[in-house]
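Engineer: Quick note: the sequence shown uses the numbering used here, first residue 16, plus one each step.
All C-beta atoms, glycine included, are put in the ideal place defined by N, C-alpha and C.
A quick note: this is a predicted structure, and the numbers were derived from the prediction, not measured.
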Amino acid sequence: MPPTQAESVIKNIIREIGQECAAHGEIVPETLVAFMVKAVVLDPSNGFNTDRTLTKSDVQKLVKLCVNRLLDSKNPSLDTIKMQVYFDMNYTSREEFLEEHHQVIESRLSSVSREITDSRACVREELESLYRKIVSYVLLRSGLGSPTDIKIVREATAALQSVFPQTELGTFLTLSKKDKERQLKELTMIVTGIRLFNRDCGKGGEGIDDLPAILQEAIPATTQHVDSQLEVVQEQAYRYTAILEKVAKNPLMSQELQPYMLREALYNVRQCEIFLQVILPIFIALSNLWTSFQDETVLISILSNLTTHLEPFLGAHDLFFPEKVMQVLLDGVTVKTDVCRIKEHIEDKVNVADFKKLEWLFPETTANFDKLLIQYRGFCAYTFATTDGLLLPGNPSIGILKYKDKYYTFNTRDAAYSFAENPENYIDIIREKAKRNAELIQLLELHQQFESLIQYSQMKEVDKRYIKPITKCETGTQTDTHLLPPTIVRSYEWNEWELRRKAIKLANLRRKVTHSVQTDHSHMRRENCSQVYPSKDVGTQSMREGSSRVPRPQIYIAGLRGGQTKTTYGVKVNLTRAVDET
């Protein structure tokens, strides 16, 4: 189904449910109807499949279930959801409260400001009328008195004339529209300051309320009212918790009682406690602010109205568990506060060495330990998953488990060890429980797991609230004396006269001669030593052995002995063989 068509179908279903409730005399806001539709579809016990298109019978079944739940006036779960929707639609941050208030003031002043900035006064009567409008604008914007009171108008006119006489109107009319608006705001602040100063001196201040005195009375009264409501709600939460613990230990009691009603009543008072704690810090901040008294007056009226309207959402569980029934159920049970439960296990800590793949955070090793966003509003995840939805406050001193960039606390060390063995299993169990009890989605802050149900007031804060832990540990560092080799040039000289002195010295050395002598008594005092390498036998060998021989010369001389004649004639005969014949 296309998104536009699906959206149209959902709007028709919401409209039909609203008409059915109106026919039974119950006017239900569309926001509450839309939340209930999604809660009914998510509940697996109702048998809706979100992956397929709803048939006509599915739509009729959905409308019937939603109407029945919305008309059930004795259901603590419905009261919790109504409380969540009401608080979400009416509560915003302090800045948004004041911004909305300022926008209302600007809208009321827009017509007066437009008459002043668009004026083209020329004659005397028109200029006087324009000046009176400026005085009225200053009074309306400051909120210090009515522009119809003659005394207040005279005082404001005198203060304005001291800084902006009527003769300056000609210059004012030549300014651009934006410059005129800016100057009007500046004149308002100046005149307001003058009137406040005169009031403090006892020379004026007609029509100015004593805002500090009003706040001094209103803040303690409202804070006391919120504290008393918070105390009552916490006491009820402690008692319901004690009864549910008793039922968990005695299974036979669950047959006589209705444990699911007890759980829904516990969820109801816990949600109211959380909303009251959200409102209470704002009153504490109000007592420290003494500047914007009018803004604080607006805030205190809005927050007081919110606190008053939270009371009707706490009535359903009193019908099921009146005081007499509570006294019987509390027989033999010790009601413990959240602080007492935390103190019981304050010394128990998780041994990090038992977990090699999980990270644990402790106050002494984490700088921003108190600012971490704990899952499930700080309640013990293991106890909630294993005891059928019992809400027990977690003890951060035992150790905060970091799992997939999320942080979990536990009420005992054993619960922490059990949850760490298989976190995904318990997370899935809690998710399934939230599907069956829609009020748990906001109570335990499960909006990321059910993104379609995230409320408007927290939609812009989801990404901002994630804080990474800043862990602390003992470390040591050492810096080398010289990280880089020294680059000092020893021959550098900055003094010009020193350079000249060295130049003259070098010039004089050119004309100097060095002589050396040696006496007979000193020439043998020097010891000399030398080193020679020992002789080495070296031989070579050729690859082929060979020899050569030269023929012996054989030369004979004949006739040396003479003959018959007196003269001897010798004959030389060479009998040496040729070389190639040898």
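1. Are the beta-carbon atoms of Phe328 and Lys53 separated by less than 8 Å?
2. Do Tyr275 and Glu454 count as a contact pair if the criterion is CB distance below 8 Å?
3. Kindly list the residues whose CB is nearer than 8 Å to the CB of Leu373, restricted to its own chain and excluding five residues on each side of it in sequence; keep chain order.
4. Would you kindly work out how many angstroms separate the C-alpha atoms of Arg428 and Val78, rounded to a whole number?
5. In or out: Leu199 buried (at least 16 other Cβ within 10 Å) or exposed?
6. Take Asp87 and list the residues in its own chain whose beta-carbon comes closer than 7 Å to its own, dropping the five residues that flank it on each side.
7. Use the C-beta contact count for Arg592: other C-beta atoms within 10 angstroms, 16 or more gives buried, fewer gives exposed.
8. Is the segment 285 to 294 in contact with the segment 237 to 253, if contact means three or more CB pairs nearer than 8 Å?
9. Three or more C-beta pairs under 8 Å: does that hold for the segment 160 to 168 against the segment 113 to 122?
10. Looking at the C-beta of Tyr571, does it have a partner C-beta in chain B at a distance below 8 Å?
11. Distance, Cα to Cα, Gly330 vs Pro378?
12. Quick check: what's the CA-CA separation for Gln569 versus Val586?
13. Can you give, in chain order, each stretch of the alpha helix (DSSP H) that sits fully within the segment 25 to 113 and has at least 4 residues?
14. Out of Gly220, Thr322, Ile234, point me to the one whose CA is closest to Leu159's CA.
15. Compare the beta carbon distance of Gly404 and Cys395 with 8 Å and say whether it is the shorter of the two.
16. Looking at C-beta atoms only, is the number of pairs between the segment 139 to 148 and the segment 170 to 184 that lie closer than 8 Å three or more?
17. Using only the alpha-carbon positions, how far apart do Asp443 and Thr490 sit?
18. Assign Val586 to one of three DSSP states: helix, strand, or coil.
19. Excluding the 5 residues flanking Glu196 on each side, which residues of the same chain have their C-beta closer than 7 Å to its C-beta?
20. Alpha carbon to alpha carbon, how far is Asp478 from Ile29?
21. Taking Glu596 as part of the alpha helix (DSSP H), name the residues at either end of that continuous run.
22. Any idea if Ser161 is buried or exposed, counting beta-carbon neighbours within 10 angstroms, 16 or more meaning buried?
23. Just checking my contact of Ala280 with Phe335 at CB under 8 Å: how many whole Å lie between their CB atoms?
24. Under 6 Å Cβ to Cβ from Phe63, same chain only, skipping five residues before and after it: list those, please.
25. Which residues does DSSP list as the beta-bridge partners of Trp375?
26. Report the three-state DSSP secondary structure of Tyr423 (helix, strand or coil).
27. What residue range does the beta strand (DSSP E) around Ile503 cover?
28. Which partner residues does Pro408 have in the DSSP bridge list?
29. When you compare each of Trp375, Arg392, Gly208 to Asp420 by their alpha carbons, which one comes out closest?
30. Reducing DSSP to helix, strand and coil, say where Ser472 ends up.
31. By Cβ distance, which residues of its chain are closer than 7 Å to Tyr255, with the 5 residues on each side in sequence left out?
32. Less than 8 Å separating the beta-carbons of Gly33 and Glu22?
33. What does the alpha-carbon distance come out to for the pair His360 and Phe370?
34. Just verifying my parser: in three-state terms, what is the DSSP assignment at Ile572?
35. By a C-beta neighbour count over all protein chains shown, 10 Å radius and 16 as the cutoff for buried, is His598 buried or exposed?
36. State buried or exposed for Leu388, treating a residue as buried only when at least 16 other CB atoms are found within 10 Å of its CB.
Structural biologist: Taking the structure as given:
1. As a position in the sequence shown, residue 328 is number 313, starting the count at 1. As a position in the sequence shown, residue 53 is number 38, starting the count at 1. Against a cut-off of 8 Å, the Cβ pair of Lys53 and Phe328 comes out as no contact.
2. The sequence position of residue 454 within the sequence shown is 439, counting from 1. The sequence position of residue 275 within the sequence shown is 260, counting from 1. Against a cut-off of 8 Å, the Cβ pair of Tyr275 and Glu454 comes out as no contact.
3. For this step, residue 373 is matched to residue 358 along the sequence shown. Cβ neighbours of Leu373 beyond the five flanking positions: Leu416, Lys417, Tyr418, Ala435.
4. Your numbering for residue 428 matches position 413 in the sequence shown. Your numbering for residue 78 matches position 63 in the sequence shown. Cα-Cα distance, rounded: 46 Å.
5. For the purposes of this step, residue 199 is taken as the residue at position 184 of the sequence shown. It counts as buried.
6. Taking the first residue of the sequence shown as position 1, residue 87 is located at position 72. Result list for Asp87: Leu93, in chain order.
7. Numbered from 1 along the sequence shown, position 577 holds the residue referred to as residue 592. Label assigned to Arg592: exposed.
8. yes
9. no
10. Here there is only one protein chain, and chain B is not present.
11. Counted from its first residue, the sequence shown places residue 330 at position 315. Counted from its first residue, the sequence shown places residue 378 at position 363. Cα-Cα distance, rounded: 40 Å.
12. Start at 1 with the first residue of the sequence shown, and residue 569 comes out as number 554. Start at 1 with the first residue of the sequence shown, and residue 586 comes out as number 571. Looking at the two C-alpha atoms, the distance is approximately 14 Å.
13. 45 to 57, 71 to 85, 91 to 105
14. Mapped onto the sequence shown, residue 159 falls at position 144. Nearest C-alpha to Leu159: Gly220.
15. Counting from one through the sequence shown, the residue named residue 404 turns up at place 389. Counting from one through the sequence shown, the residue named residue 395 turns up at place 380. Contact: no.
16. yes
17. Start at 1 with the first residue of the sequence shown, and residue 443 comes out as number 428. Start at 1 with the first residue of the sequence shown, and residue 490 comes out as number 475. Cα-Cα distance, rounded: 40 Å.
18. For this step, residue 586 is matched to residue 571 along the sequence shown. DSSP places Val586 in strand when its eight states are reduced to three.
19. Translated into the one-based positions of the sequence shown, residue 196 becomes position 181. If we look at Glu196 and ignore the five residues flanking it on each side, its Cβ neighbours are Ser128, Thr132.
20. Counted from its first residue, the sequence shown places residue 478 at position 463. Counted from its first residue, the sequence shown places residue 29 at position 14. Low confidence applies to Asp478: its pLDDT is 49, below 50, so where it sits in the model is not reliable enough to give any reading.
21. For the purposes of this step, residue 596 is taken as the residue at position 581 of the sequence shown. Neither: Glu596 is in no alpha helix (DSSP H) and is coded neither H nor E.
22. Mapped onto the sequence shown, residue 161 falls at position 146. The residue in question, Ser161, is exposed, as its Cβ has fewer than 16 Cβ neighbours within 10 Å.
23. Taking the sequence shown and counting its residues from 1, the one referred to as residue 280 is at position 265. Taking the sequence shown and counting its residues from 1, the one referred to as residue 335 is at position 320. Right, their Cβ atoms sit about 7 Å apart.
24. Here residue 63 corresponds to residue number 48 of the sequence shown, with the count starting at 1. So the qualifying residues of the chain are Val56.
25. In the sequence shown, residue 375 corresponds to position 360, counting from 1. Paired residue(s): Leu416.
26. The residue you call residue 423 lines up with position 408 of the sequence shown. Three-state DSSP puts Tyr423 in a strand.
27. What you label residue 503 is simply residue 488 of the sequence shown in a count that begins at 1. No beta strand (DSSP E) contains Ile503, which DSSP labels as neither H nor E.
28. Taking the sequence shown and counting its residues from 1, one reaches residue 408 at position 393. DSSP, once it has assigned bridges, lists Phe394 as partnering Pro408.
29. Start at 1 with the first residue of the sequence shown, and residue 420 comes out as number 405. Of the candidates Trp375, Arg392, Gly208, the one whose C-alpha sits nearest the C-alpha of Asp420 is Trp375.
30. Within the sequence shown, numbered from 1, the residue matching residue 472 stands at position 457. In this prediction, Ser472 has a pLDDT of 48, which is less than 50 and means its spatial position is unreliable; what the coordinates show is noted afterwards. Helix.
31. Looking up residue 255 in the sequence shown gives position 240. So the list reads Leu277, Ala280, Leu281, Val284, once near-sequence residues are dropped.
32. Reading the sequence shown from its first residue, position 18 is the one you call residue 33. Reading the sequence shown from its first residue, position 7 is the one you call residue 22. For Gly33 and Glu22, no; Cβs fall outside 8 Å.
33. Locating residue 360 in the sequence shown gives position 345, counting from the first residue. Locating residue 370 in the sequence shown gives position 355, counting from the first residue. Cα-Cα distance, rounded: 20 Å.
34. Counted from its first residue, the sequence shown places residue 572 at position 557. Ile572: strand per DSSP, three-state reduction.
35. Residue numbering for the chain in the displayed model covers 16 to 597; residue 598 lies beyond these limits and cannot be assessed.
36. Locating residue 388 in the sequence shown gives position 373, where the first residue counts as 1. Leu388 should be labelled exposed.
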